[in-house]
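Going by full-length UniProt numbering, the residue at position 129 of the sequence shown is 129; the numbering climbs one at a time, nothing skipped.
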Amino acid sequence: MVASEVKTLADQTAKATDDIKQQIAAIQASTNGAVEAMQSIVTTMGEVNTNTQEIAGAVQQQSAATSEISHSVRQAARGTEDVVAHMPGVTKAVEETSQSATQMLGVSRDLSRQAEQLRHTVENFLRQVAAADALKRAS
């Protein structure tokens with residue numbers, strides 16, 4: 001009777017182990033996907049930041065050239081100057097977004113490491129349970 005219960009418990013433990021391994025694998029896959037997405041976001045934000053700076057420089061040059069043209073063109077230049085005035089704010093927002101994406105990448109990497117540690121901990125626990133079960137069966 002006791003051997004039957006031990007076998008049933010061992011079977012349940014094995015099933016639970018498989019379930020846990022599958023869940024850990026799913027978490028790791030999701031985490032890896034998130035890390036890759038964050039890396040892509042950081043790269044894209046860097047490119048956006050570079051493009052924004054280039055645009056700001058080009059708009060400043062255009063503003064200087066239009067100041068020498070007629071009054072109606074000067075009004076257009078004022079509009080361009082307004083855009084230039086807002087570019088530092090846009091650049092700052094892009095930089096802040098890039099920093100946030102970098103922080104999120106770090107958090108994702110930490111989560112991935114924690115998932116790996118959890119997997120090792122569960123595997124060690126299960127080995128201990130199996131060893132205890134083997135000792136119990138042997139005695």
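For each residue, glycine too, the CB sits at the ideal point set by N, CA and C.
Within 9 Å, strictly: CB atoms of residue i and residue j
i	j	result
Val84	Gln99	no
Val107	Asn49	no
Val42	Lys136	no
Met45	Ala131	no
Thr31	Leu111	yes
Alpha-carbon spacing of residue i relative to residue j, whole angstroms
i	j	result
Gly33	Gln22	16 Å
Pro88	Ala29	39 Å
Ala134	Ile20	21 Å
Arg127	Gln103	36 Å
Ala16	Ala138	23 Å
Val2	Val129	17 Å
Gln39	Leu105	7 Å
Ala58	Glu96	23 Å
Ala25	Glu36	16 Å
Asp18	Asn124	14 Å
Lys92	His86	10 Å
Nearest residue (CA-CA) to residue i, options the options
i	options	result
Val122	Val2, Ala3, Ala14	Ala14
Val90	Thr52, Asp82, Ala58, Gly46	Thr52
Ala56	Val129, Glu96, Thr80	Thr80
Contacting residues, own chain, Cβ-Cβ under 7 Å from residue i (five flanking each side not counted)
i	result
Ala10	Asp133
Arg109	Val35
Thr8	none
Sequence-distant residues of the same chain with beta carbon closer than 8 Å to residue i, five excluded per side
i	result
Ala115	Ile24, Ile27, Gln28, Thr31
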